Amino acid sequence: MEKTLYHYKAFVTAVYDGDTITVDIDLGLKTFIKGEKIRLYGINAPELRGAERPEGLISRDFLRETIINKNIFVRTFKDKKGKYGRYLGEIYLPDKKGKFINVNELMVKKGFAVYASY
């Protein structure tokens, strides 16, 4: 089975933390899934609880500022949800020049997350 499964258009409705978002997914043919949680694949951001809280808030706020209420593309990984009920995905944000920014990589480059394997 392929590692990458699907690409979807989506609209970001909420950012929980630096690596978890909620989106409305456009499946095509006027079919939508609303309120789906996506875990940003391949990265780990500081937690909002415990000692990491200050960094977690900064990470969350950067991601929120970058993608909230915006149209994105999601590339999903694996065919089932993880242990917290979220799909794993890479997030792509179109820029003003028509190119796509990999938001997962952006979070790492800006220092708001680290690469992770799981």
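In full-length UniProt numbering, the protein residues as written are 1 to 118. The beta carbon of each residue, even a glycine, is placed where N, CA and C say it ideally should be. Remember, it's a predicted structure, so these values are computed and weren't measured experimentally.
Close beta carbons around residue i, own chain, < 8 Å, minus the five adjacent residues each side
i     : result
Gly89 : Ile38, Arg39, Leu40, Tyr41, Val74, Arg75, Thr76 and Phe77
Close-in-space but distant-in-sequence residues of the same chain around residue i (CB under 6 Å, 5 per side omitted)
i    : result
Tyr8 : Ile25 and Val74
Euclidean distance between Cα positions of residue i and residue j
i      : j      : result
Gly18  : Phe32  : 25 Å
Glu105 : Ala113 : 9 Å
For residue i, the residue or residues it bridges with in DSSP
i     : result
Asp26 : Lys9 and Phe32
Val15 : Ile21
Glu90 : Arg75
Local conformation of residue i per DSSP, three classes
i      : result
Gly111 : coil
Asn44  : strand
Selected residue, minimal CA-CA separation from residue i, among the options
i     : options                       : result
Arg60 : Ile72, Glu47, Asn69 and Ala51 : Glu47
Close beta carbons around residue i, own chain, < 7 Å, minus the five adjacent residues each side
i     : result
Glu55 : Pro46
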